[in-house]
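Using the working numbering, you'd call the opening residue of the sequence shown number 44 and step up by one each time. The C-beta atom is built at its ideal place from N, Cα and C for all residues, glycine as well.
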Amino acid sequence: MSKILVLYYSSYGHVERMARAQAEGASRIPGTHVSVKRVPELAPPDIVAAAGFHVDQPAPLAEPQELADYDAILFGTPTRFGNMASQMRNFLDQTGNLWARNAMVGKIGSVFCSTASQHGGQETTLTSFHTTLLHLGMVIVGLPYTCRELVTMREITGGTPYGATCITGSGGDARMPSALELDMCRFQGEHVGLRNPIVRLGPDWIDIHESHTEADRDGGQNVGQMRERGAAIHRVIEPGAGGEPEVAVPTVDPLR
Ligand SMILES: Cc1cc2nc3c(=O)[nH]c(=O)nc-3n(C[C@H](O)[C@H](O)[C@H](O)COP(=O)(O)O)c2cc1C
44 MSKILVLYYS SYGHVERMAR AQAEGASRIP GTHVSVKRVP ELAPPDIVAA
94 AGFHVDQPAP LAEPQELADY DAILFGTPTR FGNMASQMRN FLDQTGNLWA
144 RNAMVGKIGS VFCSTASQHG GQETTLTSFH TTLLHLGMVI VGLPYTCREL
194 VTMREITGGT PYGATCITGS GGDARMPSAL ELDMCRFQGE HVGLRNPIVR
244 LGPDWIDIHE SHTEADRDGG QNVGQMRERG AAIHRVIEPG AGGEPEVAVP
294 TVDPLR
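Have a look at this one:
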């Protein structure tokens, strides 16, 4: 069973709604268990009340250390001045010991976000978020153009190749994520599920991956690597009797 987490912060419910749609998409992949959790609020209660934040969100709070328990994580955040929200930043800044023990290396990471305005920093929010995930050793997955609606001109919509987005508008133009924006979220969630090596390759991949991370820990005495070349998966397995790596290729083509 593969485990996917949709982890989000949302003040007004847009990213919360997007997170649910991401989870719906990820849940389409058989053998996948999907959880939706949120990061803690940091704003003082008087600010939260004065600003009308939605405080009744049913998703449970996540603990930073639990990120290591998932195979893939979809992160959702509203834009704050072209960056992720400080609530999410604070949460990620508590993952230092996951970084120190390479606990996130090789896991899938994907990001979605919302902005108030059309050109208010969606791409900068997504790509600057990716920097943190890359430091953690995660493998970034976006929203590919096989999601045909990325190029639609029929309506004003969010949606980028870096991840799904929504435009909330403001004042009289305020809106919740549109049907199209939510479809893109479902697409991204499903895409992340499909890219997840454990889903694609089965438990065998876990052995290879464990071997690889174990090799990292013991200074590289073991050789265990998985490389993807186009559609074919090639395996480099443990050194044989002669001390040379045995190479078995290709074991599986997950894209067919
Ligand atoms: C401090 C602050 C900074 C913001 N910065 C931006 C911004 O740079 N660009 C933008 O379009 N919207 C900006 N917004 C609007 C939020 O992105 C918007 O309220 C959010 O996407 C709504 O998502 P939510 O309902 O999940 O909280 C900002 C909001 C706040 C409170």
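Let me see if you follow: with CB-CB separation under 8 Å, is D136 close to chain D or not? In the structure shown, chain D cannot be found, because there is only a single protein chain.
Looking at ligand 1, does it come within less than 7 Å of E59, judged from the CB to the closest heavy atom? yes
Sufficient close CB pairs (3 or more, under 8 Å) joining the segment 182 to 191 to the segment 94 to 102: Judged by Cβ distances under 8 Å, the segment 182 to 191 makes no contact with the segment 94 to 102, as fewer than three pairs qualify.
Which partner residues of I116 appear in the DSSP bridge assignment? L48, G152
Compare the beta carbon distance of F118 and Y55 with 8 Å and say whether it is the shorter of the two. no
Measuring straight from C-alpha to C-alpha, what distance separates P83 and L104? 6 Å
Using the C-alpha atoms, what's the distance from E106 back to T175? 17 Å
Could you check which residue in A115, V91, M147, Y52 has the C-alpha nearest to that of R238? A115
Please state whether the Cβ-Cβ distance between T170 and G125 is less than 8 Å. no
In the structure shown, what three-state DSSP assignment does T170 receive? helix
Start and end of the alpha helix (DSSP H) containing R229? Boundaries of the alpha helix (DSSP H) around R229: 222 to 238.
Starting from the Cα of C156, find the closest Cα among S45, M44, A64, I47 and give me that residue. A64
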